[in-house]
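Going by our numbering, the first residue of the sequence shown is number 31, and it counts up by one from there.
Heads up, the beta-carbon is just placed ideally off N, CA and C, and yes, glycines get one too.
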Amino acid sequence: MIRAVGSEDRSVLTRPAAAPDAVLGYGPGPDQVADVRFPPAAAPDRPVLVVVHGGFWRPEYDRAHLGPMAEALAAAGWPTLTPEYRRIPGRPDLTVADVHAAVRSVAARLELGRRGDPRVLLVGHSAGGHLALQAAATLDAPHVPAGVLALAPVADLRQGQRLGLGNDAVLAFLGQDAAGRPDLDPARLPAPAGAVRIVHGTEDGIVPIEVSECYLRRRPGAVLLPVPAGHFAVIDPLSVVWPTVLATLEELDSR
């Protein structure tokens with residue numbers, strides 16, 4: 031069944047998914063783990079997708095809600111790693127360090143990619159889209175992602191703070207004004223080396239598409255793909271915009 035576009039359908043957040051094929055640790059802490067799902071044996075050779083969850087960086091939201099998405103990506107032929115990360119208000123450097131460590135861990139886990147291919151495509155939703163864009167702009171070789179797909183991302187922290195997204199989630203995450211942390215703001219960092227694609231719903235009432243448009247004004251090399259959807263449709267395999275997500279990943283892999 032395909033779900034029609036509607037206003038902020040949140041059903042994907044609580045929809046059950048099969049257990050991951052493995053849970054790998056990338057650090058010593060309880061939140062420094064990642065769910066791994068392998069594609070079917072006959073799937074083509076593809077990069078590993080590191081899929082970063084959202085939830086406005088808050089501790090009450092974890093990777094579990096990305097289970098249906100990660101399961102669908104693996105079924106579509108993508109090796110998928112979904113990391114957890116520390117979510118402590120006012121301590122953003124811990125969060126960012128964990129996402130970077132999760133990406134770096136792929137190179138040491140050659141079993142994740144076919145023929146030991148360590149390439150990574152970063153995927154992130156909402157606050158996870160912010161983290162994916164930040165990591166893509168700041169990770170050093172040889173861990174630079176081949177590309178990034180940001181889904182309804184908080185791509186411009188200053189704009190997100192001005193809009194008061196998520197009951198002032200940006201300020202709570204940073205513990206200070208966004209202007210004081212340009213090193214964490216994708217819109218103020220150097221452009222990522224790999225291609226950047228953004229899929230954002232025109233009906234998104236949680237992270238309005240204008241946030242991505244602000245990022246594009248500063249990073250015109252990125253490509254914004256507007257879709258007629260709300261905030262969660264872009265991570266919902268049952269939504270009518272899911273084929274756009276899959277097609278964009280295929281395009282990134284072909285570059």
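Collapsed DSSP secondary structure at residue i in the structure displayed
i, result
"G196", "helix"
"A208", "helix"
"A34", "Legend: pLDDT at A34 = 38, less than 50; position of this residue unreliable, no value from coordinates given."
"R145", "Confidence at R145 is low in this model, with a pLDDT of 48, below 50, so its placement is unreliable and the value that follows should be read with caution. In the structure shown, R145 sits in a helix (DSSP, three-state: H, G or I)."
Residue range of the alpha helix (DSSP H) that includes residue i
i, result
"T125", "122-135"
"T278", "272-283"
"I239", "239-248"
"A221", "Looking at the DSSP string, A221 is not in any alpha helix (DSSP H), and its letter there is neither H nor E."
"G97", "97-105"
Beta bridge counterpart(s) of residue i as assigned by DSSP
i, result
"G14", "Because the chain in this structure spans residues 31 to 285, residue 14 falls outside the shown range and cannot be described."
"T110", "R67, L79"
"V253", "R227"
"S41", "S41 is not bridged to any residue."
Anticipated Cβ contact below 8 Å, residue i with residue j, distance rounded
i, j, result
"Q261", "E38", "According to the sequence displayed, residue 261 carries His and not Gln. Yes, H261 and E38 are in contact; Cβ-Cβ is about 6 Å, under 8 Å."
"L152", "V178", "4 Å"
"P77", "A176", "6 Å"
"R88", "R117", "6 Å"
"D198", "A208", "Incorrect: roughly 11 Å between the Cβ atoms, too far for contact."
"A263", "S269", "4 Å"
"V241", "V184", "6 Å"
"A100", "D65", "7 Å"
"V42", "D234", "Contact doesn't hold; Cβ gap of about 14 Å is too wide."
"A19", "D186", "Outside the displayed span of the chain (31 to 285) sits residue 19, for which this structure offers no information."
"L163", "A180", "5 Å"
Residue i: first and last residue of the uninterrupted beta strand (DSSP E) it sits in
i, result
"A52", "52-55"
Any chain B beta carbon closer than 7 Å to residue i
i, result
"R45", "Structure shown: chain B not included; a single protein chain is present."
With three or more beta-carbon pairs closer than 8 Å as the criterion, would you say the region 273-284 touches the region 213-228?
Output reads yes: the region 213-228 touches the region 273-284.
Indicate whether the contact test is met: 3 or more Cβ pairs, each with one atom in the region 78-90 and one in the region 107-121, closer than 8 Å.
yes
Hey, is the region 203-220 in contact with the region 252-259, meaning 3+ C-beta pairs nearer than 8 Å?
no
Given 8 Å, three or more beta-carbon pairs between the region 166-174 and the region 50-57:
no
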